[in-house]
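In this note's numbering, the protein residues as written are 1074 to 1362.
Have a look at this one:
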């Protein structure tokens, strides 16, 4: 027993335990936080499939190293820099979206005080909400397709430029007339900012989310696509079924009636501090799915 204790003491005496400072603990936490969110981001994008492919390549590289396959190792060494650039090019849309989401986080607000160019214009008045709901319900009854994008904090000017300037006060009659069949402005999306319709016939990016139902057409994919690219919300009226949907934060809530549409518009748009309501709405969408 004494010999065992002596061996343990000798072993422990040879171990080196570095002095741990508070900065080291902070570094560990920061690195763990960054790695966690990188993995979380990768899992929700096409990068997850790409990462699994890289693991397969790494496995075969380990075999090449073990068996001293010098030709393969030489090729890999010379192509490494090109592969790194190609990886950035392939993941460019995902990287851009990740940086945009990072820039929209609230903890950057005190540092990047760009409030001079930001107003509460994205917040809708009760009158505007009622007009949007009324128009959506009326168009749903006669199965008139509609795509109404409502700006939040992030500017939609690049999408407004793809359409025709309107600059009119939001009213149900104007929205219905815009989306009426065989009218010059019915094709494309309407963008609303500061309780005004700024543009119509706007082109939106289509979502490549494979989780969306196959029965959804271009209008719904465009609504989800703009909600993935920006913090806007989109009201969609189906031309085939007349059902009303709302796309927000990359999620689609379908089959809304007038009261639920009004509640959704208020919970997301009315107050800047409604982050809890936004998360609750997102959770409600997942539960319905």
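Just so you know, even glycine gets a beta-carbon here, dropped at the ideal spot from N, CA and C.
Residue i burial status per 10 Å Cβ neighbour count (16 or more: buried)
i: residue 1286; result: exposed
i: residue 1254; result: exposed
i: residue 1141; result: exposed
i: residue 1328; result: exposed
i: residue 1186; result: In this prediction, residue 1186 scores a pLDDT of 44, lower than 50, which makes its location untrustworthy; the coordinate-derived value is nonetheless stated afterwards. So residue 1186 counts as exposed.
i: residue 1218; result: buried
i: residue 1298; result: buried
i: residue 1252; result: buried
i: residue 1292; result: buried
i: residue 1256; result: exposed
i: residue 1098; result: exposed
i: residue 1192; result: Only weak support exists for where residue 1192 lies, its pLDDT of 43 falling under 50; the coordinates are left without a value.
i: residue 1250; result: exposed
i: residue 1241; result: exposed
Boundaries of the alpha helix (DSSP H) in which residue i is found, first to last residue
i: residue 1266; result: Not the alpha helix (DSSP H): residue 1266 falls in the beta strand (DSSP E), residues 1262-1266.
i: residue 1269; result: It is not in any alpha helix (DSSP H) - residue 1269 instead sits in the beta strand (DSSP E) that spans 1269-1275.
i: residue 1201; result: 1199-1214
i: residue 1233; result: 1230-1233
i: residue 1227; result: From DSSP, residue 1227 is part of no alpha helix (DSSP H); its letter is neither H nor E.
i: residue 1246; result: 1245-1252
i: residue 1144; result: 1143-1163
Spatial distance of residue i from residue j (CA atoms)
i: residue 1164; j: residue 1206; result: 38 angstroms
i: residue 1245; j: residue 1268; result: 12 angstroms
i: residue 1214; j: residue 1289; result: 19 angstroms
i: residue 1135; j: residue 1152; result: 17 angstroms
i: residue 1143; j: residue 1154; result: 18 angstroms
i: residue 1325; j: residue 1319; result: 6 angstroms
i: residue 1220; j: residue 1208; result: 11 angstroms
i: residue 1307; j: residue 1126; result: 35 angstroms
i: residue 1137; j: residue 1162; result: 27 angstroms
i: residue 1280; j: residue 1309; result: 14 angstroms
i: residue 1284; j: residue 1295; result: 14 angstroms
i: residue 1274; j: residue 1104; result: 46 angstroms
i: residue 1157; j: residue 1335; result: 48 angstroms
i: residue 1111; j: residue 1130; result: 21 angstroms
i: residue 1201; j: residue 1264; result: 13 angstroms
i: residue 1159; j: residue 1148; result: 16 angstroms
i: residue 1197; j: residue 1106; result: 36 angstroms
i: residue 1095; j: residue 1248; result: 59 angstroms
i: residue 1203; j: residue 1224; result: 17 angstroms
i: residue 1139; j: residue 1340; result: 59 angstroms
The beta strand (DSSP E) enclosing residue i, as first and last residue numbers
i: residue 1325; result: 1324-1329
i: residue 1321; result: 1317-1321
i: residue 1238; result: 1237-1242
i: residue 1093; result: It is not in any beta strand (DSSP E) - residue 1093 carries neither H nor E in the DSSP assignment.
i: residue 1051; result: Look at the range of the chain in this structure, 1074 to 1362, and you will see that residue 1051 is not part of it.
Expected contact under 8 angstroms - CB spacing of residue i and residue j to nearest Å
i: residue 1115; j: residue 1124; result: 6 angstroms
i: residue 1222; j: residue 1305; result: 5 angstroms
i: residue 1233; j: residue 1272; result: 4 angstroms
i: residue 1229; j: residue 1169; result: Not a contact, Cβ separation roughly 16 angstroms.
i: residue 1276; j: residue 1300; result: Actually they do not touch by this definition, with Cβ atoms about 15 angstroms apart.
i: residue 1278; j: residue 1262; result: 11 angstroms between Cβ atoms; not a contact.
Residues that residue i bridges to, as DSSP identifies them
i: residue 1307; result: 1222, 1320
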